[in-house]
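A short worksheet on the structure shown next.
Protein chains: 2
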Amino acid sequence: MNNVAIIGTGQTKFSKEEANVEKLLFESSNECIQSVSNCSSKDIDGVLVSTNNNSKYMGAILSEFLDIQPRIAHSIEHLCSSGTNAIISAYSYISSGLADVVLVSGVDSTTNPGQILEWDRSRGNFEHPIYWASMLTKAHKRKFQTSEEELAIVSAKNHKHAMDNPHAYSNEPKTITEIMNSKQITKDLRIMDCSRSCSGSSSVLLASEKSATEFSDSPIWISGIGQKTTSASFTKNDLDEIKSTHVAADSAYKMANILPNDIDVAEVHDAFSVCELMAISELGITSGEKSGEFVRNLFNTEDRMINPRGGLIGAGHPLGATGISQTIEITNQLQGKSEKRQINNAKIGLIHNMSAAGTSSSVMVMKN
Amino acid sequence: MNNVAIIGTGQTKFSKEEANVEKLLFESSNECIQSVSNCSSKDIDGVLVSTNNNSKYMGAILSEFLDIQPRIAHSIEHLCSSGTNAIISAYSYISSGLADVVLVSGVDSTTNPGQILEWDRSRGNFEHPIYWASMLTKAHKRKFQTSEEELAIVSAKNHKHAMDNPHAYSNEPKTITEIMNSKQITKDLRIMDCSRSCSGSSSVLLASEKSATEFSDSPIWISGIGQKTTSASFTKNDLDEIKSTHVAADSAYKMANILPNDIDVAEVHDAFSVCELMAISELGITSGEKSGEFVRNLFNTEDRMINPRGGLIGAGHPLGATGISQTIEITNQLQGKSEKRQINNAKIGLIHNMSAAGTSSSVMVMKN
């Protein structure tokens with residue numbers, strides 16, 4: 000089995016403006032290829048596009064734009080976790096020897112069709128994700144006495160982090176009070192607890208050990224992978240846990256031979272405030288009981304360990320691009336290139352992404 | 000690198016009736032899992048759905064239907080060659096050690112959105128595939144003096160083969176004269192030169208060497224893989240060749256360590272009559288000049304070597320399912336289970352699939 004590294008990254012600004020997905024894809028992937036000196040389109044033998052967009056043949060379209068004639072090209076869709084799924088697929092092509100250098104580009108636009116969960120009949124008319132987020136929030140409050148303020152801190156922290164991320168959707172700080180007074184959209188959810196669907200694209204270049212060391216001075220290695228889908232229907236899951244994250248994390252830690260407290264920096268899927276609290280406990284970084292306190296402490300000490308780029312709440316959530324932007328953040332952190340938001344001496348990073356009320360999760364551990 | 004085999008197969012009948020894609024997926028995948036004694040849903044750790052359908056999260060939906068909680072789940076789209084791309088992706092997950100047993104299920108319905116090639120501005124208003132097929136046909140006639148009769152023989156042969164395929168869309172023989180007198184839809188194309196979009200689903204189960212030998216008495220090994228995308232736009236290619244097929248075949252032969260004349264049976268992508276003639280020459284089975292004569296000889300001697308299940312023209316073309324049905328045919332042939340359409344003593348089989356005027360191709364070599 001070949002080792003696989005991230006060697007290049009590129010991304011557009013995330014924006015609320017509706018945009019042409021092909022144009023966004025080209026922008027991020029072109030920047031990604033340019034980021035790797037000596038690597039040209041001829042060296043790339045796989046192009047995977049991660050998106051919820053209904054356009055067809057996007058792998059071939061992007062390849063033609065970039066003057067790449069790859070072996071492997073296609074689109075991958077798995078709602079919010081499409082991006083990490085595509086990166087893990089690229090890993091498997093390289094690790095198995097079918098490809099050597101693979102471009103993974105994710106994109107979605109503000110009006111992408113992955114937002115409304117039409118397939119899940121168990122939701123009745125409650126097709127929008129705010130309904131499951133509301134139920135998870137209520138369950139978390141009941142089980143762990145989580146306060147409205149602790150939930151608001153997640154959002155305040157991530158909006159604050161986003162201020163130092165030039166690609167983020169959000170560009171102004173939000174106070175805890177502002178968040179707690181923002182528009183109530185269900186009994187347990189306020190508008191500022193929610194990430195926003197937006198337009199954006201991000202791309203990474205993956206390479207085999209041989210090519211990674213040839214093309215890059217600072218390859219970042221994918222050392223652990225875990226994935227799990229427990230169901231498609233929200234109501235098949237318990238409301239107070241995200242089992243898919245727990246199982247995926249266990250696999251990733253085992254493969255990377257690390258423990259949760261070895262993690263220096265993590266990007267976790269905070270589609271809603273409660274998701275960050277649930278994710279950090281399912282990942283073993285803290286416990287459910289202490290998750291609110293854990294995040295409060297990060298906020299008070301200005302520790303950027305969790306979601307340094309601003310998470311989905313601060314950076315925005317263009318579905319197919321999200322997992323790839325999370326991976327770019329961890330790559331930059333482990334390369335020491337995160338400027339104002341750099342975590343000191345980051346050696347081990349984690350990416351956690353999930354879909355549809357946590358019915359599916361993917362976790363990657365990365366090392367420098 | 001682990002060896003990977005096909006150990007199970009299942010498919011629905013292909014039909015012109017519009018159908019629910021989830022229902023079709025369940026039918027073929029359930030039959031596929033049932034075809035492997037001792038293998039249960041608990042043993043399956045990947046579910047890949049190949050489709051052009053716009054529904055989201057189909058990997059998770061199918062998993063829930065089948066009571067599978069896989070590690071890996073998502074949808075893959077690359078127009079007509081989605082199915083073989085998904086099989087090769089499953090191969091890479093298993094070969095890299097990320098999965099052990101993977102279900103690949105393809106589906107599309109009569110009105111699937113992959114038929115009209117809206118993205119290719121170089122086509123102008125000629126978005127329907129019949130226009131490129133017409134241009135390829137004209138070029139083949141000019142370069143190789145291919146006759147109308149030779150083109151009609153491709154269709155007559157494949158309709159004839161389909162008579163012995165209970166899953167095929169076509170269920171009546173067509174004479175050469177009937178085909179040559181069928182409705183002219185462009186100057187160089189008649190309606191019976193065309194495969195038909197239809198509803199259908201097919202599924203295969205792939206396994207590592209360890210699990211394949213545990214679960215199956217007759218695993219069929221994927222011994223060669225080649226893929227190539229040359230462009231997305233039709234007009235970037237020469238009209239008298241399918242370069243992507245040539246390149247993909249060379250890679251697959253090299254990996255499998257075989258020569259074209261080692262092939263006992265092949266499924267090739269005959270979306271239109273001319274495609275079969277072009278494919279068999281690009282694959283090195285014959286030359287462009289002799290391709291018409293080669294097919295005439297097969298027809299006259301009742302040799303089923305090329306497209307024994309009836310190809311796309313005879314069996315129908317539910318886009319996302321096509322490559323998987325091709326793989327099922329070769330699997331059955333190498334297992335000696337093809338009944339009336341069995342090729343004697345078939346040891347080495349080939350699958351050739353392609354998308355959008357041959358701008359993308361995939362080739363697999365299989366051995367028993």
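Chains A and B, in that order, give the protein sequences.
Its first residue numbered 0, the first sequence is counted upward by one per residue in numbering that gives the first Met the number 0.
Its first residue numbered 0, the second sequence is counted upward by one per residue in numbering that gives the first Met the number 0.
Positions of the beta carbon are idealized from the N, C-alpha and C atoms, including for glycine.
Can you check whether the C-beta of ARG122 (chain A) is within less than 8 angstroms of a C-beta belonging to chain B?
no
Just list the residues that DSSP pairs ARG189 (chain A) with in beta bridges.
A:GLN183
Establish whether the CB of PRO165 (chain B) and some CB of chain A are separated by less than 8 angstroms.
no
What three-state label does DSSP hand MET304 (chain B) in the structure shown?
coil
Contacting residues, own chain, Cβ-Cβ under 7 angstroms from GLU288 (chain A) (five flanking each side not counted):
PHE143
Can you check which of these residues, A:LEU349, A:MET191, A:TYR130, A:MET134, is closest to THR244 (chain A) by C-alpha distance?
A:LEU349
Using DSSP's beta-bridge definition, name the partner residues of ALA72 (chain B).
B:VAL46
Against GLU63 (chain A), what residues of chain B qualify as contacts under a CB-to-CB distance less than 8 angstroms, listed in chain order?
SER230, ALA231, SER232, LYS235
If contact means a Cβ-Cβ distance below 8 angstroms, which residues of the stretch 342-366 of chain B contact chain A?
SER354, ALA355, THR358, SER359
Indicate whether ILE257 (chain B) and VAL362 (chain B) have their beta-carbon atoms separated by less than 8 angstroms.
no
Given THR229 (chain B) as reference, the closest of A:GLU338, A:GLU148, A:ASP44 once Cα atoms are compared
A:ASP44
Beta bridge counterpart(s) of GLN10 (chain A) as assigned by DSSP
A:SER201
Inter-stretch contact (C-beta, 8 angstroms, three-pair minimum) for the stretch 288-297 of chain B and the stretch 45-54 of chain B
no
Below 8 angstroms between beta carbons: does that hold for ASP107 (chain B) and PRO259 (chain B)?
no
Are the CB atoms of SER95 (chain B) and SER95 (chain A) nearer to each other than 8 angstroms?
yes
In chain A, which residues lie less than 8 angstroms from ILE224 (chain B) when you measure between Cβ atoms?
LEU97
Identity of the residue in B:ASN19, B:PRO218, B:THR83 nearest GLN325 (chain B) by Cα
B:THR83
Element boundaries [beta strand (DSSP E), containing SER360 (chain A)]
359-366
If contact means a Cβ-Cβ distance below 9 angstroms, which residues of the stretch 69-93 of chain B contact chain A?
PRO69, ARG70, ILE71, ALA72, HIS73, SER74, ILE75, GLU76, HIS77, LEU78, SER80, SER81, ASN84, ALA85, ILE87, SER88, TYR90, SER91, TYR92, ILE93
Measure the C-alpha to C-alpha separation of SER198 (chain A) and PHE13 (chain A) and round it to an integer number of angstroms.
6 angstroms
Scan the stretch 193-279 of chain B and note each continuous beta strand (DSSP E) run of 3 residues or more that stays entirely inside, going in chain order.
199-207, 219-228, 264-266
Using a Cβ cut-off of 7 angstroms, pull out every chain B residue sitting near TYR130 (chain A), in sequence order please.
Here the premise fails: no neighbours, minimum Cβ distance about 16 angstroms.
Hey, LEU282 (chain A) and VAL267 (chain A): beta-carbon distance below 8 angstroms or not?
yes
Who pairs with GLY348 (chain B) in a beta bridge, going by DSSP?
B:VAL264, B:MET365
Going along chain A, which residues have a C-beta under 8 angstroms from ILE60 (chain B)?
TRP118, ALA231
By Cβ distance, which residues of its chain are closer than 6 angstroms to GLY309 (chain B), with the 5 residues on each side in sequence left out?
ASN157, HIS160, ALA161, ASN164, ALA167
Between the stretch 31-55 of chain A and chain B, which residues of the former have a C-beta closer than 8 angstroms to a C-beta of the latter?
VAL46, ASN51, ASN53, SER54, LYS55
Between VAL246 (chain B) and ASN111 (chain A), what straight-line distance do the alpha-carbon atoms span, to the nearest angstrom?
36 angstroms
Rounded Cβ spacing between SER49 (chain A) and SER81 (chain A) (contact assumed at less than 8 angstroms)
4 angstroms
What residues from chain A crowd round GLY113 (chain B), counting only those whose CB sits closer than 9 angstroms?
LYS55, TYR56
Tell me the start and end of each unbroken beta strand (DSSP E) in the stretch 80-134 of chain A that is at least 3 residues and wholly inside, in chain order.
100-107
Within the chosen definition, does the stretch 322-336 of chain B reach the stretch 184-198 of chain B through at least 3 CB pairs nearer than 8 angstroms?
no
Backbone CA spacing between ASP119 (chain B) and ASN236 (chain B) [nearest angstrom]
13 angstroms
Alpha-carbon spacing of GLY105 (chain A) relative to GLU208 (chain B), whole angstroms:
33 angstroms
Return helix, strand or coil for ALA18 (chain B), following the three-state DSSP convention.
coil
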